[in-house]
Amino acid sequence: MQDTLIDASKIILKSNYLIALTGAGISAESGIPIFRGKDGLWRKYRPEELATLEAFRRNPKLVWEWYSWRINLILGAKPNPAHYALAELEQLGLLKFLITQNVDDLHERAGSKKLVKLHGDILTVICTSCDYRNKISEPPRDIPPKCPRCGGLLRPGVVWFGESIPPDALERAFAEAEKADAILVIGTSGVVMPAGAIPNVVKGHGGYVIEINVNESAITNIADCFCKGKAGEILPKIVELVKSMMGD
Ligand code: OAD
11 MQDTLIDASK
21 IILKSNYLIA
31 LTGAGISAES
41 GIPIFRGKDG
51 LWRKYRPEEL
61 ATLEAFRRNP
71 KLVWEWYSWR
81 INLILGAKPN
91 PAHYALAELE
101 QLGLLKFLIT
111 QNVDDLHERA
121 GSKKLVKLHG
131 DILTVICTSC
141 DYRNKISEPP
151 RDIPPKCPRC
161 GGLLRPGVVW
171 FGESIPPDAL
181 ERAFAEAEKA
191 DAILVIGTSG
201 VVMPAGAIPN
211 VVKGHGGYVI
221 EINVNESAIT
231 NIADCFCKGK
241 AGEILPKIVE
251 LVKSMMGD
């Protein structure tokens, strides 16, 4: 494993434009459940009952109860060493951009600045009738919540199944992937498109793919370097190695 971490660190140091793609696995060690696999949310809950516009129209109260539970989990969670390691790589000038599929705010709380949230932000509410949107710092008191401007129904500011990613976010993410000569792919199954295609864009023009995951994923077959293990253990080790090599 130490050799793999050294390889990953060398790729990071040699890169001119390193980006990262993160998924639910990076927040797992902060106590936020992932989606797939035996303990994943989609084992216990049916996405078509909770994470689609149709489900929301059918039963906004049920959907909001589930989102309120997740908002509380996220508000009670803290960034873990993996989030801090990515923020440090950005501060060192090595990580140029971060693309996350996560709707939590742990990257921001750890100090990452240059990032795009492809699947939205669970701490934002959006009106389904007017253009009102607002940040929230606790779950709505009345469920389902109403728009203070027009009285319409407020929804969580996340991207649901069957919905498109906001065009600005999507364009930014793919433009960054076009520029990148290396990508760190952390804690994602890589099965949800279009996010799952981002590492292929980097690989497609000759860039390096470094993956950190506790298991193999849909990305592993294109990874130049697969670091098997927990993000919160592996990433800080890579950052320490990179810093020690910077001095050489
Ligand atoms: P998944 O739940 O599909 O995958 C999580 C990945 O994290 C798996 O590959 C795990 O092996 C890995 N993992 C778990 N714990 C880890 C740890 N401590 N360190 C490193 N890796 C770990 O989550 P995503 O790939 O993020 O979309 O899922 C993509 C999208 O599907 C989500 O954004 C969400 C979901 O439906 C929407 O809500 C639109």
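Using the working numbering, you'd call the opening residue of the sequence shown number 11 and step up by one each time. The beta carbon of each residue, even a glycine, is placed where N, CA and C say it ideally should be. What you are looking at is a predicted structure, and each value in this text was computed from that prediction instead of being measured.
Residue i beta carbon near the ligand OAD (any heavy atom closer than 7 Å)
i	result
His129	yes
Gly172	no
Asn225	yes
Ile222	yes
Thr198	yes
Arg165	no
Gly242	yes
Ile84	no
Ala61	yes
Phe66	no
Phe236	no
Glu58	no
Val135	no
Gln111	yes
Gly50	yes
Ile44	yes
Gly41	no
Ala207	no
Val195	no
Ala179	no
Val202	yes
Val169	yes
Ala34	yes
Gly216	no
Ala120	no
Assigned secondary structure, residue i (DSSP; H/G/I helix, E/B strand, else coil)
i	result
Lys247	helix
Arg119	helix
Leu102	coil
Lys238	strand
Ala30	strand
Thr110	strand
Asn90	coil
Leu125	strand
Thr134	strand
Completely contained beta strand (DSSP E) runs for the segment 35-86, where each covers 3 or more residues: Within the segment 35-86, no complete beta strand (DSSP E) segment of 3 residues or longer occurs.
Contact the segment 89-106 vs the segment 138-150: 3+ CB pairs below 8 Å: no
Contained beta strand (DSSP E) runs [length at least 3] in the segment 167-224, N- to C-terminal order: Within the segment 167-224, the complete beta strand (DSSP E) runs of at least 3 residues are 192-196 and 218-223.
Three or more C-beta pairs below 8 Å linking the segment 27-35 and the segment 107-122: yes
Given 8 Å, three or more beta-carbon pairs between the segment 153-171 and the segment 68-80: yes
Stretch-stretch touch, CB-based, cutoff 8 Å, three pairs: the segment 209-219 with the segment 43-62: no
Three-pair Cβ contact test at 8 Å for the segment 83-100 versus the segment 173-185: no
Segment contact flag, the segment 199-209 with the segment 222-240, C-beta cutoff 8 Å, min 3 pairs: yes
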